[in-house]
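Notes follow once the structure below has been shown.
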Amino acid sequence: MTVDAVTGRRISSTGVPSSKAVRVVSPNGVLAALGDPAPATPYGSPGRRTTRLVIADPSGRREAMTIELDGNYEPDAFSAEGGALFVLQYLPSTAPEAYRVRMLDLASREVGPVLSREKTPVAEEETMRGESRLAVLSPYRDRLYTLYTHQANHLHTRDLVAGRSTGVHAFVHVLSLTERWAYCLDLPEPFGHGPAEGHAIAVSPDSLYVFDGASGRLVRADVRELAIGKVGALPASPGPAFAAVSSDALHVAAGGSLFTVDLDSLDVLHTARTPGRPRGLAVGTDGSLYAGVDGGAVRLDPRDGRELARVPVPGLTLLRHVAAQPSL
C-alpha cells in the first residue's frame, strides 16, 4: 500500500504475499522489492540455500514478479532506471561469514558482478563483513552511500587486484545507481572501533560527511573524487548519533548534544541540548530541521537548535525522512 507522506491518505495498493516485507523501493517510487523480514544478523546459522524475492509495482498497474535465486541474498537498492536490483550475497549461504555486492538483472533474472569505478568488470569480487549502520541517497538520487563499521582485515577489490593486504575498520560503500559501479571509501582511524550506533553519515550535492561519536572525529569527502579532504573534531559524544545537511550547515545529534557545524571548515558554530534521546535527524525540502526522539518528532531552529514544535508519534523508533505540508 502507498500512502501520501503528508496527509496519510491511501494512494494505491497491490497484492503481494503476506509473508514478505518491503525491503527497498526504487528512487522514483515505481518499484518495490519484497523479501523475508530482515534477520537480526545475517551471519551464522541457519542462513538459507535459496532466496525468493517479489518485485512489485505499488500502483498495481503491473503484476508482481517472483524471482527465485540459488543462494542467500538480501536486496540493497534498485538501479535508477529500475532495470536491475543490487543485492548482497551472503557466503557461505547456510552459515554466512561474509558478503559481496552483486547485481540482479530483472529482465534475465540472472545475477552478475557490479562494475568497478572505472566502469569495467572486476577480475575478483571483494567479500566483506560488518555492520551496515545507515544508508543515504544522494540529493540527486543517483548514488547510495552506506556506512559500514567493524571491518576487521577487510580487503577491497582494488587491494585484491594489486595484491595488497590492509586492514580496514570502517568504510562507506558508494553505489552508482545510474552507472552501476561500486566503490569503497576507506575511513581513517579510529572510525569503526567504537559502537556502530555512534557513527553517522550525511551527504550534500558535493560532499559526504561521516561522524564517529566515540572519538568525536568528523570527516568530509568530495563526492566527485571520493577522497577524504578534511578532518575535524567535535566533542566525543557516546550514544546514538545521526547527521543531516541543510543548505548552510551540517547538523549532528550525538548523545545529548546537537551540533551545528560549518560545511567547509567543520568548525562547530553552535551547540545545544537534544530534545531527547536521538532517534534520527532529517532536513525537509523547505529547510526545516527535525529530530526524532522517544514518542515523537521535534522541529528545531536549524540556526541554534531551539525547539519550535513537537509532533507526537507514539512508538517512534527511527526518523528517516521529512515531508513538508505545502502552504494553502
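So in the working numbering, the last one in the sequence shown is 330, and the numbering has no gaps at all. We put the beta carbon where it would ideally sit given N, CA and C, even for glycine. All values reported here derive from a predicted model rather than from experimental measurement.
Just to check, is the beta-carbon of S290 closer than 7 Å to a non-hydrogen atom of the ligand MN? No copy of the ligand MN appears in this structure; indeed no ligand is present at all.
Report all residues from its chain with a CB closer than 6 Å to the CB of E2; omit the five preceding and five following residues, and keep chain order. Residue coverage of the chain in this structure runs from 3 to 330, which leaves residue 2 outside it and unanswerable.
Compute the Euclidean distance between the alpha carbons of A35 and R279, then round it to the nearest angstrom. Along the sequence shown, one-based indexing puts residue 35 at 33. Along the sequence shown, one-based indexing puts residue 279 at 277. Answer to the nearest angstrom: the Cα atoms are 32 Å apart.
Of the choices L33, G37 and V32, whose alpha-carbon is the least far from that of S20? Within the sequence shown, the letter at position 18 stands for residue 20. Comparing C-alpha distances from S20 to each of L33, G37 and V32 shows the shortest one belongs to G37.
S209, enclosing beta strand (DSSP E) - first and last residue: Stepping through the sequence shown from its first residue, residue 209 is reached at position 207. Start and end: S209 to D214.
Nearest residue (CA-CA) to P304, options G218, N30, V254 and Q91: Along the sequence shown, read from residue 1 onward, the residue named residue 304 stands at position 302. Checked all of G218, N30, V254 and Q91; the closest Cα to P304 is V254.
Spatial neighbours of L320 in its chain, beta-carbon cut-off 6 Å, leaving aside the 5 residues before and after: Stepping through the sequence shown from its first residue, residue 320 is reached at position 318. Hits under 6 Å: R281 and G282.
Jot down the residue ranges of each uninterrupted beta strand (DSSP E) in the stretch 57-133, minimum 3 residues, whole runs only, in chain order. For the stretch 57-133, the continuous beta strand (DSSP E) assignments of 3+ residues that do not extend past its boundaries occur at 67-72, 74-80, 86-93, 100-107 and 112-115, in sequence order.
Cα separation between L189 and P240? Along the sequence shown, one-based indexing puts residue 189 at 187. Along the sequence shown, one-based indexing puts residue 240 at 238. So the alpha carbons of these two residues sit roughly 19 Å apart.
Quick check: the Cα distance between P98 and T43, rounded to an integer number of angstroms? Position 96 of the sequence shown holds residue 98. Position 41 of the sequence shown holds residue 43. Between P98 and T43, the C-alpha separation is close to 10 Å.
Which of the three DSSP states, helix, strand or coil, is assigned to S20? Taking the sequence shown and counting its residues from 1, one reaches residue 20 at position 18. It is coil, neither helix nor strand.
Could you give the distance in angstroms between the alpha-carbon of P242 and the alpha-carbon of L179? Within the sequence shown, numbered from 1, the residue matching residue 242 stands at position 240. Within the sequence shown, numbered from 1, the residue matching residue 179 stands at position 177. Going by the C-alpha atoms only, they are around 29 Å apart.
Does the Cβ-Cβ distance between N74 and Y92 come in under 8 Å? Looking up residue 74 in the sequence shown gives position 72. Looking up residue 92 in the sequence shown gives position 90. Yes. Within cutoff.
In whole angstroms, what separates the C-alpha of L2 from that of E181? Only positions 3 to 330 of the chain appear in the structure, and residue 2 is not among them; the question remains open.
Under three-state DSSP, which class holds G200? Counting from 1 along the sequence shown, the entry for residue 200 is found at position 198. Three-state DSSP puts G200 in a helix.
Look at the Cβ atom of G258, then the Cβ atom of R275, and state whether they are nearer than 8 Å. As a first step, residue 258 must be located in the sequence shown, where it is residue number 256. As a first step, residue 275 must be located in the sequence shown, where it is residue number 273. Yes, these two residues count as a Cβ contact at 8 Å.
Helix, strand or coil for T287, going by three-state DSSP, please let me know. In the sequence shown, residue 287 corresponds to position 285, counting from 1. Coil.
CA nearest to the CA of A229, picked from L268, R219 and L187: To locate residue 229, count along the sequence shown from 1; it is residue 227. It is L187.
What separation, rounded to the nearest whole angstrom, lies between the Cα atoms of L139 and D269? Here residue 139 corresponds to residue number 137 of the sequence shown, with the count starting at 1. Here residue 269 corresponds to residue number 267 of the sequence shown, with the count starting at 1. Distance between the alpha carbons of L139 and D269: 25 Å.
E120 classed as buried or exposed, judged by whether at least 16 other C-beta atoms fall within 10 angstroms: What you label residue 120 is simply residue 118 of the sequence shown in a count that begins at 1. By the 10 Å Cβ count, E120 comes out exposed.
Which listed residue (F88, P197 and V56) has its alpha carbon closest to that of G152: Here residue 152 corresponds to residue number 150 of the sequence shown, with the count starting at 1. Going by the sequence as given, residue 152 is His instead of Gly. The shortest C-alpha separation from H152 is found at P197.
Among T68, V212 and R63, which has the Cα closest to the Cα of R54? Residue mapping note: residue 54 aligns to position 52 of the sequence shown, counting from 1. Among T68, V212 and R63, the Cα nearest to that of R54 belongs to T68.
Would A172 be called buried (16 or more neighbouring beta carbons within 10 Å of its own) or exposed? By 1-based counting over the sequence shown, the position of residue 172 is 170. With 16 or more other Cβ atoms within 10 Å, it is buried.
Is it true that the CB of V233 sits closer than 8 Å to the CB of A251? Stepping through the sequence shown from its first residue, residue 251 is reached at position 249. Stepping through the sequence shown from its first residue, residue 233 is reached at position 231. The answer is no: Cβ separation not under 8 Å.
6 Å CB neighbourhood of F193 in its chain, flanking five on each side removed: Working through the sequence shown from its first residue, we reach residue 193 at position 191. Excluding its 5 nearest sequence neighbours in each direction, F193 has C-beta neighbours in its own chain below 6 Å: A172 and D214, listed in chain order.
Let me confirm a value: E76 is counted as buried when at least 16 other C-beta atoms fall within 10 Å, else exposed. Which label applies? Reading the sequence shown from its first residue, position 74 is the one you call residue 76. The residue is buried, with at least 16 neighbouring Cβ atoms inside 10 Å.
Anyone know if the C-beta pair for T16 and P60 falls short of 8 Å? Along the sequence shown, read from residue 1 onward, the residue named residue 16 stands at position 14. Along the sequence shown, read from residue 1 onward, the residue named residue 60 stands at position 58. Yes.
Close Cβ partners of F244 (< 6 Å) along its chain, the five nearest in sequence each way excluded: By one-based count along the sequence shown, residue 244 stands at place 242. Closer than 6 Å at Cβ, skipping near neighbours: A202, A255, P280, G282 and L283.
Work out the CA separation of L117 and R322 for me, nearest whole Å. Within the sequence shown, the letter at position 320 stands for residue 322. Within the sequence shown, the letter at position 115 stands for residue 117. Between R322 and L117, the C-alpha separation is close to 29 Å.
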